[in-house]
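Colleague: After the structure tokens below, expect a handful of questions from me.
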Ligand code: GZL
């Protein structure tokens, strides 16, 4: 018996020298990611949240998730709480571009890396975050504008546009406006005659479109909405005003959520520019890389396309959000 036990111990000692196997306990510490989400203002946001939660589960990452109800102060509070809890990584989608430097400096002082997802910040000190992963909103605006320039090519008459902007001060609202205005310079007939925020929601989009219709009525030829939810709200307002969406007013929007495909298949929306919310897997992979000490590119751009009405029925079954 004695001989056997000695042999067993000798074998274990030898094994411990040859494997990387940590003899002190076997469970690896779970990575903890603190995520501050903007809110639940749109179909896009809901899909984005689902993607992040599902990907964290899949990756075995402990997710501390906070919903800010579209208020910057709630996002700042959440980030401070993540710092106090000493999470491994902080990620967030900044509701507006400005006002983040102080809290990001606190995260830096606490040596907690920060990942920006979906929207950018305007901090001059880019050392305050490791990477920004998300869409190129200026290009999304250009795609919307280029589509309109092509649509009116060879036609005569005014092209008066009313614009429903996203949340005031947010990167998508600022950049989608910039890209659209750059692209429509190609045809001087295209003019933005009214522009106002609908805060990315259906309710506000409908309310502002009602005001546009009261003020401009049949002068309106085109609606450019910074997201599908506002476009869908505006479609309701157009119908309640006795006009036909798409036929009387061409409707252009961004996101390519399911609701937009349903509106295009019903002949009420003309085109939607894709803006993918499915950032969860990329975020979890970046989080694991950071914890493993790997470096990340400063900017990770989401590849996207555009869906005009004529392809909606063919593409809809393939859509993941
Ligand atoms: C874009 C995202 C925007 C969507 C809206 O990446 O930040 O916020 O376009 C959402 O639908 O509310």
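Numbering (my numbering), first residue to last: 18 to 338.
All residues carry an ideal CB built from backbone N, CA and C; glycine is no exception.
Here the structure is a predicted model, which means the values were calculated and not measured.
1. Is it a yes or a no for the region 262-272 touching the region 226-244, going by three-plus beta-carbon pairs under 8 Å?
2. What does the alpha-carbon distance come out to for the pair residue 123 and residue 143?
3. For residue 84, does the three-state DSSP call read helix, strand or coil?
4. Going by the C-beta, is residue 117 closer than 8 Å to any heavy atom of the ligand GZL?
5. Ignoring anything shorter than 4 residues, give me the alpha helix (DSSP H) runs that lie fully in the region 45-74, in order along the chain.
6. Say whether the region 147-158 touches the region 306-319, bearing in mind that this needs 3 or more beta-carbon pairs closer than 8 Å, one atom from each stretch.
7. Could you pull the DSSP bridge partners for residue 260 from this structure?
8. Does DSSP put residue 255 in a helix, a strand or coil?
9. So, is residue 294 buried or exposed, given that buried needs 16 or more other C-beta atoms within 10 angstroms?
10. Provide the residue(s) that pair with residue 133 in DSSP beta bridges, ordered along the chain.
11. Kindly identify the DSSP beta-bridge partner or partners of residue 242.
12. Within its chain, find whatever has a CB closer than 6 Å to the CB of residue 41; leave out the 5 residues flanking it on each side and keep chain order.
13. Please report how far the alpha carbon of residue 337 lies from the alpha carbon of residue 248, in whole angstroms.
14. With H, G and I counted as helix, E and B as strand and the rest as coil, what does DSSP make of residue 38?
15. Using CA coordinates, which residue listed in 281, 291 and 309 is at the minimum distance from residue 328?
16. Along the chain, where does the beta strand (DSSP E) that runs through residue 268 open and close?
17. Tell me which residues share the same chain as residue 332 and place their Cβ nearer than 8 Å to its Cβ, disregarding the 5 neighbours each side in the sequence.
18. Along the chain, where does the beta strand (DSSP E) containing residue 324 start, and where does it finish?
19. Among 106, 187 and 212, whose alpha-carbon lies nearest the alpha-carbon of residue 309?
20. Among the residues of its own chain, which have a CB less than 8 Å from the CB of residue 39, if the five just before and after it don't count?
Modeller: Taking the geometry as given:
1. yes
2. 14 Å
3. Of the three classes helix, strand and coil, the one that applies to residue 84 here is strand, per DSSP.
4. no
5. none
6. Between the region 147-158 and the region 306-319 there are three or more C-beta pairs closer than 8 Å, enough to call the two in contact.
7. Its beta-bridge partners do not exist; DSSP assigns none.
8. helix
9. buried
10. 109 and 149
11. 181
12. Here the model assigns residue 41 a pLDDT of 48, short of 50, so the residue's position is not dependable and the matter cannot be decided.
13. For residue 337 and residue 248, the distance between alpha carbons rounds to 20 Å.
14. At residue 38, the pLDDT of 45 sits below 50, so the modelled position is not reliable; the number obtained from the coordinates is stated separately. Residue 38 falls in the coil class under three-state DSSP.
15. 281
16. Taken as a continuous stretch (DSSP letters only), the beta strand (DSSP E) holding residue 268 covers 267-272.
17. 278 and 324
18. That run of the beta strand (DSSP E) goes 323-325.
19. 106
20. Low confidence applies to residue 39: its pLDDT is 43, below 50, so where it sits in the model is not reliable, and the reading given next is rough at best. Cβ neighbours of residue 39 beyond the five flanking positions: none.
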